[in-house]
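Going by our numbering, the letters in the sequence shown line up with residues 4 to 133, in that order.
Please read the structure below before turning to the comments.
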Amino acid sequence: MVELNKQRMLHPSLTRRRWVWKSDKIRDMEVPENVDMFINKSFNQLSSEVLSALSVLSCFGSSADVHLVQRLETEIRQSLVEQLDTAVAANVLGKRNGKFYFLHDKLQEAAYSMTKPEERCLHHKRYGLA
Numbered sequence: 004m005v006e007l008n009k010q011r012m013l014h015p016s017l018t019r020r021r022w023v024w025k026s027d028k029i030r031d032m033e034v035p036e037n038v039d040m041f042i043n044k045s046f047n048q049l050s051s052e053v054l055s056a057l058s059v060l061s062c063f064g065s066s067a068d069v070h071l072v073q074r075l076e077t078e079i080r081q082s083l084v085e086q087l088d089t090a091v092a093a094n095v096l097g098k099r100n101g102k103f104y105f106l107h108d109k110l111q112e113a114a115y116s117m118t119k120p121e122e123r124c125l126h127h128k129r130y131g132l133a
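In structure tokens, the structure reads:
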């Protein structure tokens, strides 16, 4: 629905006091067959810097406090907040009450899987020490 609203195919009408949509355009849309395809499509539209920031965030689970991300950004000398804000704009993450959070557990899992299994322990240690 977010994507439909973003493309102005579905939106609330204040004058009509209801939702309005463009049925013909919605019918013609390419819709991913499953969640994995949706995630791949979403991630393919992001830069490598944003994907790297998502991978870092994923090490903290489904969400992390913005202040923690800012501190980590300073310690590991990697742009995180700006990149994660880009992910928020792309509807991969949410940001509310001072936290970044993955909009779906499959998105967090996909971001976490971008890190090689043999490197995960090193990343967890590095982030934990920061």
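Each residue gets a CB set at the ideal place from its N, CA and C atoms; glycine is no exception.
Query	Result
Among C62, R99 and L71, nearest to P120 - alpha-carbon criterion	C62
Pick from E78, Q48, S16 and Y104 that is closest to D68, judged by C-alpha positions	Y104
Rounded separation between R80 and A56 - CA only	12 Å
Proximity of W22 and P15 at Cβ, strictly below 8 Å	yes
Span separating the alpha-carbon of K109 from that of S66	13 Å
Proximity to E85 [Cα-Cα], best of T18, S50 and Y115	S50
With 16 other Cβ atoms within 10 Å as the buried cut-off, status of A92	exposed
Environment of E76 [buried if 16+ CB atoms lie within 10 Å]	buried
L125, buried or exposed, once every other Cβ within 10 Å from all chains shown has been counted against 16	exposed
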